[in-house]
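Novice: Here's a structure for you.
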Amino acid sequence: SRLRVAGAEVATVLGWGTLLAVVMLIIAGILQGNSATPATTTVQQTALIQGFTFTVLAMLTLFRIGVRVWRWWDRLRRGSVSWALTHALLIAIAGVGLAFATLSVLLSLLFIPGYVLKVLPDAIFFLTVAVVAVSLLAAPVGLWAHLAARRITLRLRALAAATESLRRGDLSQRATIAGADEVAQLGRDFNAMAADLERAQAELRRERDTVVALLRARRELVAAVSHDLRTPVASQRAYVEGLLARWQTQPPATTTSDLATLHRETLHLQGLVADLFALARADVGKLALHLEPTDVGLVCTRVVAALAPYAWESGRVTVSAPVAPSLPLLLLDPQRLEQILHNLVGNAIRHTPPGGVVLVTAECSGTEVSVIVRDTGPGISPADLPHIFDRFYGGGATGGAGLGLTLVREWTSALGGTVAAANAPEGGACFTLRFPGGTVPQVPTP
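The numbering of the sequence shown is the working numbering, which starts it at 1122 and goes up by one.
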């Protein structure tokens, strides 16, 4: 295709040249037919016509070449900022050179009016020299201008590459900042935009993970609560149907034990519903607290006294509370603290084998009061330990809806304290509650 284009260009130039030569020959023939000049003059006219023809042909060829070069240069400068800047600088240099040459010619003609015809060849010579000088200077000056502009275009290309990476999803991409000009400001704005996008995407990702976790928790809640509700309801139904079937004229002999079982299962259902209600109130920040100066040691003793008989009767587990004397009073809700200890001690009793011990201790360290619930059971599995306070996490073989320890964490946090779980060095699980002395929790109090 390039050969065809070049051939077409050559054919065009030759065609115009041939046409021009034919026209000039016709004009020469007409002049020769109408002229009575000698042969010498005719030869001079022919030579002049031939010279003019070749001159016009050469100018036409240069014009065609110039058009091709200009098209190539125009595409180059439109596709690159550096070449556009180079083009602008070359135009400025050419304009200055031509203005200087034109001014020189005009001054020559103005100051020597009597010798215009003699000065005109010199003026044309100076003009030609100026054009040639500008042409010779155009290449090195253009190269220098291109190298100078390339420093800017390299920064723009780097910024364009960073933008492309950002468009493809790489939000960690940042532009390199150099200098304090407009390009540097553009790079800083780009980095700020990329940081905002990365932060927004991270927030969206966290929100998505939260929604996924909530959906998973809801499924686990439905499964766990359905199981925990189904068992006592089925037990109650069986005992009620048995009582109705055997109750004719007088109560059967097992009525007392059956009613005790019904009462226990009813309390189980009531406790589960209460836990769900308390967890829902804690989620929306409407957990009611009644703050008052509280003796933590007295609350520990009261909880142990209430659960010790049940622990011994159900599994031969001993529960004791060696509480340190003279503990400072804390501004807490004693009922919530009692519920926290009920959950922790009850959980320890369930996981302690017969003959084991559950210890509830309270001590003061500086301005902090710690309550420790320790058992002699198998301890907490390392896989379960990081998730022990997660809601609806049953902990493998531990069973249950996974609400007790979650409520412990929520209630403790509402009271301004912290709770931690670990395995004791001598064996068994260890739960530690810490309440800072003199700190009033910032929660709504009815």
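In this text, a Cβ means the ideal position worked out from N, Cα and C, and glycines have one as well. Quantities reported herein were computed from a predicted structural model and do not represent experimental measurements.
Identify, in the order they occur along the chain, each residue of the same chain with its Cβ nearer than 7 Å to the Cβ of residue 1065, setting aside the five sequence neighbours on each side.
Specialist: Outside the shown range of the chain, which is 1122 to 1567, sits residue 1065, and nothing can be said about it.
Novice: According to DSSP, is residue 1338 part of a helix, a strand, or is it coil?
Specialist: helix
Novice: Please name the residue, chosen from 1390, 1301, 1315, 1497, that lies closest to residue 1283 on a Cα-to-Cα basis.
Specialist: Distance check between residue 1283 and each of 1390, 1301, 1315, 1497 places 1315 closest, using alpha-carbon atoms only.
Novice: Could you give the distance in angstroms between the alpha-carbon of residue 1473 and the alpha-carbon of residue 1376?
Specialist: 32 Å
Novice: Thinking C-beta only, is residue 1415 closer than 8 Å to residue 1451?
Specialist: yes
Novice: Residue range of the alpha helix (DSSP H) that residue 1531 falls in?
Specialist: 1525 to 1535
Novice: Compute the Euclidean distance between the alpha carbons of residue 1276 and residue 1291, then round it to the nearest angstrom.
Specialist: 19 Å
Novice: Could you check what DSSP says for residue 1520 in three-state terms: helix, strand or coil?
Specialist: With a pLDDT of 49 at residue 1520, under the threshold of 50, the modelled position of this residue cannot be trusted; read the value that follows with caution. Residue state, collapsed to three classes: coil.
Novice: Quick one: residues in its chain with C-beta nearer than 6 Å to the C-beta of residue 1383, no 5 flanking neighbours on either side, listed in chain order?
Specialist: 1357, 1360
Novice: Helix, strand or coil: how does DSSP classify residue 1556 here?
Specialist: Note: residue 1556 maps to strand in three-state DSSP.
Novice: Residue 1539 and residue 1533 look like a contact to me (Cβ under 8 Å); what is the Cβ gap, rounded to whole Å?
Specialist: 7 Å
Novice: Put residue 1482 into one of helix, strand or coil per three-state DSSP.
Specialist: strand
Novice: Taking the beta carbon of residue 1525 as the centre, do at least 16 other beta carbons fall within 10 Å, making it buried, or is it exposed?
Specialist: Classification of residue 1525: buried, given that the 10 Å Cβ count is 16 or more.
Novice: Provide the residue span of the alpha helix (DSSP H) that contains residue 1429, from first to last.
Specialist: 1417 to 1436
Novice: Compute the beta-carbon to beta-carbon distance between residue 1554 and residue 1470, rounded to the nearest angstrom, for a pair I have assumed lies under 8 Å.
Specialist: Not confirmed; about 17 Å, so no contact.
Novice: Measure the alpha-carbon distance for residue 1501 versus residue 1541 and round it to whole angstroms.
Specialist: Looking at the two C-alpha atoms, the distance is approximately 12 Å.
Novice: Sort 1508, 1294, 1280, 1420 by Cα distance to residue 1445 and report the nearest one.
Specialist: Ranked by how close their Cα comes to the Cα of residue 1445, the residues 1508, 1294, 1280, 1420 have 1420 in first place.
Novice: Using the rule of at least 16 other Cβ atoms within 10 Å of the residue's Cβ for burial, across every protein chain shown, is residue 1476 buried or exposed?
Specialist: So residue 1476 ends up on the exposed side.
Novice: Among residues of its own chain, excluding the 5 on either side of residue 1464, which ones have a beta-carbon nearer than 6 Å to its beta-carbon?
Specialist: Counting only Cβ-Cβ distances below 6 Å, and skipping sequence neighbours, we find 1525, 1529.
Novice: Could you check if residue 1509 is buried or exposed, using at least 16 other CB atoms within 10 Å of its CB as the buried criterion?
Specialist: buried
Novice: Secondary structure at residue 1261, three-state DSSP: helix, strand or coil?
Specialist: helix
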